[in-house]
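*Asks:*
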Amino acid sequence: MHGLIRSVWHEPRSPNAPRRVWRDWVLVGVLLPVALLEGVVRPDMPSRVISVGLAVGLVPTLLWRRTQPLLMVVIAFGVSGVAQVLAGGDSPESNTMIYLLLLPYALFRWGSGREAIIGLGIILVKATFSVVVDYPGPADTAAAFAVVFSVVAVGAAFRYRTRARTRELDQIKLLEREQLARDLHDTVAHHVSAMAIRAQAGLATAASRPDAATEALQVIEAEAAQALAEMRAMVHVLRRNAPADLAPGRSIADLSQLESPGQSGPSIQVEIEGDTVGLSPSVEAAIYRLAQESVTNARRHARHATRVLVRVSADDTSVRLYVNDDGDPVRPAGTPGYGITGMIERADLLGGTCVAGPGPDRGWSVTAVLPRTGVAR
1114 MHGLIRSVWH EPRSPNAPRR VWRDWVLVGV LLPVALLEGV VRPDMPSRVI
1164 SVGLAVGLVP TLLWRRTQPL LMVVIAFGVS GVAQVLAGGD SPESNTMIYL
1214 LLLPYALFRW GSGREAIIGL GIILVKATFS VVVDYPGPAD TAAAFAVVFS
1264 VVAVGAAFRY RTRARTRELD QIKLLEREQL ARDLHDTVAH HVSAMAIRAQ
1314 AGLATAASRP DAATEALQVI EAEAAQALAE MRAMVHVLRR NAPADLAPGR
1364 SIADLSQLES PGQSGPSIQV EIEGDTVGLS PSVEAAIYRL AQESVTNARR
1414 HARHATRVLV RVSADDTSVR LYVNDDGDPV RPAGTPGYGI TGMIERADLL
1464 GGTCVAGPGP DRGWSVTAVL PRTGVAR
């Protein structure tokens, strides 16, 4: 138990806490007149001036509930305790003040572990003080504490669900970097093997053809330059904490294997345009992996699709992949899935882009553009 408390105490704040958004201003704009209106239409409200003033005065705390959650809890529940004392022990009974439940939610959703523990202590002290001074009965007391703990639990649940998803996304990115590092390793090994073969050939023919050594050196120089460029890309990936293995990579020529006419589901049509000769092997492997993932997604998720088009076109500076199915129209998802996240990560590591979304007419489309050299940024 002591270790658990220490772990929670040292937990940092949730990252990327949103600042004020338009919904916050709308919420504040609605609560202010509602609080005033309740004070007018409820003649039985005890300590009317204090209750309405408290409900109106604490509304602005909602604007800072994510960026300063503990401070807002201290202000809201501290002022509420003082107001109860000024009201002679009667708890302010403004129904509008239900909005204060957003503060403990935000505290456990966005605050650090230290802030959450301190804030919860303040909330419980205030709740206990209210029960002691103005005891509402066992049923109401139990209900009040149950609501507070339920809000706290919801905030913590959203916090840890987001953290779990972030870990899963990071794992997907690491897997993509692993695959890319593997492909880059295969590229460098290809160039080094070519240099070794040319060097051996130059040595073998040097006696009978003196110019053979010069030709071999020229080839070795070109291969070495390309190998160094690929090596820099591989080191860049490995510096981002990606492991690597030694399995062989794929190329654009392997895209024909995706057609697989014997498989059930939509037919796969592969089109290759432009000059794909001389592409970096890492780019070829990336194009294949992106196309493979896109085709797999279409087979799994495209409803009533009969055809999937895979088109690769290359020019002097880049190579473009376009994958589209003719399935039912779909709406874009709010959060990209793990497969799409991995595709975007792979393209980014090679200095390119990858965009996935609903097709122009039907189905789903994926568009990726990679530089021919495939040098990672």
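Residues 1114 to 1490 in my numbering are what the sequence shown lists, from first letter to last.
The beta carbon of each residue, even a glycine, is placed where N, CA and C say it ideally should be.
A quick note: this is a predicted structure, and the numbers were derived from the prediction, not measured.
Going straight from the alpha carbon of tyrosine 1401 to that of threonine 1430, what length do you get?
*Replies:* Against the sequence shown, residue 1401 aligns to sequence position 288. Against the sequence shown, residue 1430 aligns to sequence position 317. For tyrosine 1401 and threonine 1430, the distance between alpha carbons rounds to 18 Å.
*Asks:* Taking the alpha carbon of alanine 1399 as the point to measure from, which residue in Thr1409, Arg1363, Leu1176, Leu1167 has its own alpha carbon closest?
*Replies:* Residue numbering aside, residue 1399 sits at position 286 when the sequence shown is read from its first letter. Of Thr1409, Arg1363, Leu1176, Leu1167, the residue nearest in Cα terms is Arg1363.
*Asks:* Would you tell me roughly how many angstroms separate the C-alpha atoms of glycine 1201 and tryptophan 1138, rounded to the nearest one?
*Replies:* As a working note, residue 1201 is residue 88 in the sequence shown. As a working note, residue 1138 is residue 25 in the sequence shown. Going by the C-alpha atoms only, they are around 34 Å apart.
*Asks:* Could you tell me whether the Cβ atoms of valine 1423 and valine 1383 are closer together than 9 Å?
*Replies:* Counting from one through the sequence shown, the residue named residue 1423 turns up at place 310. Counting from one through the sequence shown, the residue named residue 1383 turns up at place 270. Their beta carbons are under 9 Å apart, which means valine 1423 touches valine 1383 by this criterion.
*Asks:* Buried or exposed: which applies to tyrosine 1218, given that a residue is buried once 16 or more other Cβ atoms fall within 10 Å of its Cβ?
*Replies:* Residue 1218 sits at position 105 when you count from the first residue of the sequence shown. It is buried - the Cβ of tyrosine 1218 has at least 16 other Cβ atoms within 10 Å.
*Asks:* In chain order, what residues of the same chain lie with their CB nearer than 6 Å to the CB of alanine 1427, ignoring the 5 residues before and after it?
*Replies:* One-based indexing of the sequence shown puts residue 1427 at position 314. Contacts found: Gly1387, Asp1388, Thr1389.
*Asks:* Under 7 Å Cβ to Cβ from isoleucine 1230, same chain only, skipping five residues before and after it: list those, please.
*Replies:* Locating residue 1230 in the sequence shown gives position 117, where the first residue counts as 1. Only Val1121, Trp1122 meet the Cβ criterion.
*Asks:* Measuring alpha carbon to alpha carbon, tell me which of Ser1243, Ile1310, Asp1438, Pro1125 ends up nearest tryptophan 1223.
*Replies:* Position 110 of the sequence shown, counted from the start, is the residue given in the question as residue 1223. The shortest Cα separation from tryptophan 1223 among Ser1243, Ile1310, Asp1438, Pro1125 belongs to Pro1125.
*Asks:* Nearest to threonine 1180 by CA position, among Val1172, Ser1127, Arg1161, is which residue?
*Replies:* By one-based count along the sequence shown, residue 1180 stands at place 67. Nearest option by C-alpha distance: Ser1127.
*Asks:* Would you tell me roughly how many angstroms separate the C-alpha atoms of proline 1361 and methionine 1456, rounded to the nearest one?
*Replies:* The residue labelled residue 1361 in the question sits at position 248 within the sequence shown. The residue labelled residue 1456 in the question sits at position 343 within the sequence shown. Any reading at proline 1361 must be qualified, since the residue scores a pLDDT of 44, below 50, and its modelled position is unreliable; the value itself is stated next. Each residue's alpha carbon lies about 19 Å from the other.
*Asks:* Could you tell me if threonine 1279 is buried or exposed, where buried requires 16 or more neighbouring beta carbons within 10 angstroms of its beta carbon?
*Replies:* The residue you call residue 1279 lines up with position 166 of the sequence shown. So threonine 1279 ends up on the exposed side.
*Asks:* May I ask you to report which of helix, strand or coil DSSP gives threonine 1409?
*Replies:* On the sequence shown, position 296 is the one that residue 1409 refers to. Of the three classes helix, strand and coil, the one that applies to threonine 1409 here is helix, per DSSP.
*Asks:* Do you know how far the Cα of aspartate 1461 is from the Cα of proline 1484?
*Replies:* Indexing the sequence shown from 1 puts residue 1484 at position 371. Indexing the sequence shown from 1 puts residue 1461 at position 348. So the alpha carbons of these two residues sit roughly 11 Å apart.
*Asks:* For my contact list, leucine 1233 and valine 1265 are in at a C-beta cut-off of 8 Å; report their separation, rounded to the angstrom.
*Replies:* Counted from its first residue, the sequence shown places residue 1233 at position 120. Counted from its first residue, the sequence shown places residue 1265 at position 152. Contact flag correct, Cβ pair sits at about 7 Å.
*Asks:* Return the residue from the list Ile1285, Val1421, Gln1370 that minimises the CA-CA distance to arginine 1459.
*Replies:* Within the sequence shown, numbered from 1, the residue matching residue 1459 stands at position 346. Per the C-alpha coordinates, the member of Ile1285, Val1421, Gln1370 positioned closest to arginine 1459 is Ile1285.
*Asks:* If you check the beta carbons only, do aspartate 1110 and arginine 1475 fall under 9 Å apart?
*Replies:* Absent from the structure is residue 1110, since the part of the chain shown begins at 1114 and ends at 1490.
*Asks:* Measure the C-alpha to C-alpha separation of glycine 1166 and valine 1443 and round it to an integer number of angstroms.
*Replies:* Taking the first residue of the sequence shown as 1, we reach residue 1166 at position 53. Taking the first residue of the sequence shown as 1, we reach residue 1443 at position 330. Looking at the two C-alpha atoms, the distance is approximately 49 Å.
*Asks:* List the residues that DSSP assigns as beta-bridge partners of tyrosine 1435.
*Replies:* In the sequence shown, counting from the first residue as 1, residue 1435 sits at position 322. Its beta-bridge partners are Arg1424, Thr1480.
*Asks:* Suppose the cutoff is 7 Å on Cβ atoms and the five residues either side in sequence are ignored; what does the same chain contact list for aspartate 1439 look like?
*Replies:* Stepping through the sequence shown from its first residue, residue 1439 is reached at position 326. Same-chain partners within the cutoff: Ala1418, Thr1419, Arg1420, Arg1475, Gly1476.
*Asks:* With distances taken between CB atoms, is the gap from valine 1169 to alanine 1148 smaller than 9 Å?
*Replies:* The residue you call residue 1169 lines up with position 56 of the sequence shown. The residue you call residue 1148 lines up with position 35 of the sequence shown. Yes, these two residues count as a Cβ contact at 9 Å.
*Asks:* In terms of residue numbering, what span does the beta strand (DSSP E) encompassing glutamine 1382 cover?
*Replies:* For the purposes of this step, residue 1382 is identified with residue 269 of the sequence shown, where counting begins at 1. Glutamine 1382 -> beta strand (DSSP E) spans 1380 to 1387.
*Asks:* Give the straight-line distance between the Cα atoms of glutamate 1151 and alanine 1256, rounded to the nearest whole angstrom.
*Replies:* As a first step, residue 1151 must be located in the sequence shown, where it is residue number 38. As a first step, residue 1256 must be located in the sequence shown, where it is residue number 143. Cα to Cα, the separation comes out at about 23 Å.
*Asks:* Candidates Gly1378, Ser1407, Ala1337: which alpha carbon is nearest leucine 1368's?
*Replies:* Here the question's residue 1368 lines up with position 255 in the sequence shown. Nearest of Gly1378, Ser1407, Ala1337 to leucine 1368, Cα basis: Ser1407.
*Asks:* Can you list, in chain order, the residues of its chain with a C-beta nearer than 6 Å to that of threonine 1454? Leave out the 5 residues immediately preceding and following it.
*Replies:* Against the sequence shown, residue 1454 aligns to sequence position 341. Leu1282, Ile1285.
*Asks:* Going by other Cβ atoms of all chains shown within 10 Å of its Cβ, with 16 needed for buried, is glutamine 1197 buried or exposed?
*Replies:* Taking the sequence shown and counting its residues from 1, one reaches residue 1197 at position 84. Its Cβ being crowded by 16 or more others within 10 Å, glutamine 1197 is buried.
*Asks:* Our contact map puts alanine 1469 next to valine 1482 with C-beta atoms below 8 Å; I'd like the distance itself, whole angstroms only.
*Replies:* Translated into the one-based positions of the sequence shown, residue 1469 becomes position 356. Translated into the one-based positions of the sequence shown, residue 1482 becomes position 369. In fact, because the Cβ distance is near 13 Å, the residues do not count as touching under 8 Å.
*Asks:* State the DSSP-derived secondary structure class of glycine 1201, mapped to helix, strand or coil.
*Replies:* Mapped onto the sequence shown, residue 1201 falls at position 88. In the structure shown, glycine 1201 sits in coil (DSSP, three-state: anything other than H, G, I, E or B).
*Asks:* Is threonine 1466 near valine 1396, with beta carbons less than 9 Å apart?
*Replies:* Position 353 of the sequence shown, counting from 1, holds the residue named residue 1466. Position 283 of the sequence shown, counting from 1, holds the residue named residue 1396. Not a contact, by the Cβ cut-off of 9 Å.
*Asks:* Going by beta carbon distance, what residues of the same chain come within less than 6 Å of serine 1204, once the five residues before and after it are set aside?
*Replies:* Your numbering for residue 1204 matches position 91 in the sequence shown. Closer than 6 Å at the Cβ level, and outside the excluded window around serine 1204, lie Gln1197, Ser1243, Asp1247.
*Asks:* Please name the residue, chosen from Pro1146, Leu1216, Tyr1435, Glu1372, that lies closest to leucine 1403 on a Cα-to-Cα basis.
*Replies:* Translated into the one-based positions of the sequence shown, residue 1403 becomes position 290. Among Pro1146, Leu1216, Tyr1435, Glu1372, the Cα nearest to that of leucine 1403 belongs to Tyr1435.
*Asks:* Taking C-beta to C-beta, are valine 1187 and isoleucine 1118 nearer than 9 Å?
*Replies:* As a working note, residue 1187 is residue 74 in the sequence shown. As a working note, residue 1118 is residue 5 in the sequence shown. Cβ distance not < 9 Å, so valine 1187 and isoleucine 1118 don't count as in contact.
*Asks:* Is the Cβ of valine 1134 closer than 9 Å to any Cβ of chain C?
*Replies:* Absent here is chain C; the protein component of the structure consists of one chain.
*Asks:* What residues are listed by DSSP as bridge partners for alanine 1469?
*Replies:* Numbered from 1 along the sequence shown, position 356 holds the residue referred to as residue 1469. In the DSSP output, where bridge partners are listed per residue, alanine 1469 has Val1479.
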